[in-house]
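Residue numbers (my numbering): 131 to 298.
Taking it in order: structure first as structure tokens, then the write-up.
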């Protein structure tokens, strides 16, 4: 993983880049490279709060390595404050911005914080597994990551299962 910085819109913004090389099958919910398929890299790019560009996919592609397919996630959270952990050959890194927690399915009459003025709030998670996986196993891995995220939020006292802009 490589941490780098760039200047955009008058702000110093960080990016985390993982370069795996060709042939890695990945699953992602990200705007750039989302879905299931071969990818060579993953980028988690910090953007300014209130990001309003109309070309986020092209923007992410311009920040990643040229010439190979990759996954690009974005967040207004400071990516240099990432958290990493390893267990049994599985490596996980997350960047967490929790100013806009929400529920996956809010009760009737619940004020949705996503409709309030924009504030920083995105959880991006990268999990690297030491084995090749079928499509079904990849989907199950994303479910497990999402369940672990929800459990961590609840254990820390956050009222929500994540934010509407989270990506895996």
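The beta-carbon is built from N, C-alpha and C at its ideal position, and this holds for glycine as well.
DSSP places residue 190 within a helical segment (H, G or I) once states are collapsed to three.
Scanning its chain for C-beta atoms nearer than 8 angstroms, with the 5 sequence neighbours on each side dropped, one finds around residue 201 the residues 156, 158, 160, 162, 163, 164, 169, 171, 172, 173, in chain order. Look at the beta carbons and you see the stretch 290-298 touching the stretch 249-259: at least three pairs across the two are nearer than 8 angstroms. With respect to the 8 angstroms criterion, residue 276 and residue 131 are not classified as neighbours on the basis of their beta carbons.
Rounded to whole angstroms, the Cβ separation of residue 204 and residue 177 is 5 angstroms, and the two are in contact under 8 angstroms. Inter-residue distance for residue 134 and residue 208 is about 12 angstroms (C-alpha atoms, whole angstroms). Counting every other CB atom within 10 Å of its CB across the protein chains shown gives residue 269 a total below 16, marking it as exposed. Under a 10 Å Cβ-count criterion, residue 227 is classified as buried, with 16 or more other Cβ atoms of the shown protein chains found around its own Cβ. Here residue 291 is buried. Its C-beta has 16 or more other C-beta atoms within 10 Å.
Setting aside the 5 residues that flank it on each side, residue 281 has no residue in the same chain whose C-beta is closer than 7 angstroms to its C-beta. Beyond the five residues adjoining it in sequence on each side, residue 272 comes within less than 7 angstroms, by CB distance, of 157, 298 in the same chain, given in chain order. In the structure shown, residue 273 adopts helical secondary structure according to DSSP, grouped into three states. Less than 8 angstroms divides the Cβ of residue 206 from the Cβ of residue 181. Per the DSSP secondary-structure output, residue 279 pairs with nothing in a beta bridge. Shown here, residue 209 sits in a helix according to DSSP, grouped into three states. Taking a contact as a CB-CB distance under 8 angstroms, the pair residue 260 and residue 220 counts as one, their CB atoms being some 7 angstroms apart.
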